[in-house]
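For reference, the structure discussed in these notes is given below.
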Amino acid sequence: MVFLKNRLKQLLCIILAVAFIIESWLWVHVRGWLRGLNRILGLDVFDLWLRKWAETHSPYAALCLFLIPAGLILPVKIIALALIAKGRFVIGLFSVLLAKILALGAASYLFDLLRNKLLEISWFKYCYVLALRIRLWSRRLLAPLRSQISSIIFGIKSYIKGYSIILLNKLRYWLKIGKAKINSLF
54 MVFLKNRLKQ LLCIILAVAF IIESWLWVHV RGWLRGLNRI LGLDVFDLWL
104 RKWAETHSPY AALCLFLIPA GLILPVKIIA LALIAKGRFV IGLFSVLLAK
154 ILALGAASYL FDLLRNKLLE ISWFKYCYVL ALRIRLWSRR LLAPLRSQIS
204 SIIFGIKSYI KGYSIILLNK LRYWLKIGKA KINSLF
């Protein structure tokens with residue numbers, strides 16, 4: 054029984070670590086995508102305005118602004134749950150995931166702009182340091198698994214590359230034969 058309990062505990066830790074690593078990856082990448090979209094739309098002025106706004110307002114005002122994406126996602130989650138309850142599982146799940154990704158990206162984007170002001174709040178700074186520690190723990194826990202997955206992916210890529218070279222050579226061979234047959238007709 055103790056063995057099973059320890060295995061379940063390990064499994065739960067791995068699942069939590071994977072979820073945290075995925076969240077961290079999304080945090081970084083979606084912020085970059087939003088920054089790129091911001092540049093494409095020509096809204097770089099918004100960054101400057103937001104930084105100036107943060108300088109003139111209190112840390113708690115910045116916190117309220119930072120929490121807006123989390124508040125906006127709640128109605129989407131409720132609607133998605135209603136869709137799932139009505140049997141539209143795929144649409145409901147897709148809308149929750151899309152809303153989650155966009156809210157996470159927006160929060161990341163805002164955090165990047167408001168970081169200095171938000172870290173003036175002591176409990177927020179504590180939570181931030183805790184999140185960094187959890188991310189480090191997750192990376193350490195998943196490092197062996199990550200290296201195994203990387204070697205498997207490398208092997209698959211090598212196999213596909215080797216097989217594609219064989220297919221390409223066969224295609225060239227058949228094209229030469231076809232071209233020779235066409236030339237022999239004329």
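Here the sequence shown is numbered in the numbering used here, starting from 54 and rising by one per residue. We treat Cβ as the ideally placed atom computed from N, Cα and C, and that holds for glycine. This one's a predicted model, so the numbers in the text were calculated from it and none came from an experiment.
Check	Outcome
Please look up how many angstroms separate the CB atoms of L166 and A107, rounded, as I've assumed it's under 8 Å.	7 Å
Mind the definition here: the stretch 112–128 touches the stretch 157–165 only if three or more C-beta pairs lie below 8 Å; say whether that holds.	yes
When the Cα atoms are used, what is the spatial distance from I154 to W86?	11 Å
Evaluate K170 with the Cβ neighbour count: other Cβ atoms within 10 Å of its Cβ, from every protein chain shown; 16 or more gives buried, anything less gives exposed.	buried
Please classify V55: is it buried, with 16 or more other beta-carbons within 10 angstroms of its beta-carbon, or exposed?	exposed
Leaving out five residues on either side along the sequence, give the residues of the same chain with a beta carbon under 6 Å from the beta carbon of A70.	S191, L194, L195
Does the separation of the CB atoms of G158 and W80 fall below 9 Å?	yes
Starting from L64, trace the alpha helix (DSSP H) both ways and give me its first and last residue.	55–94
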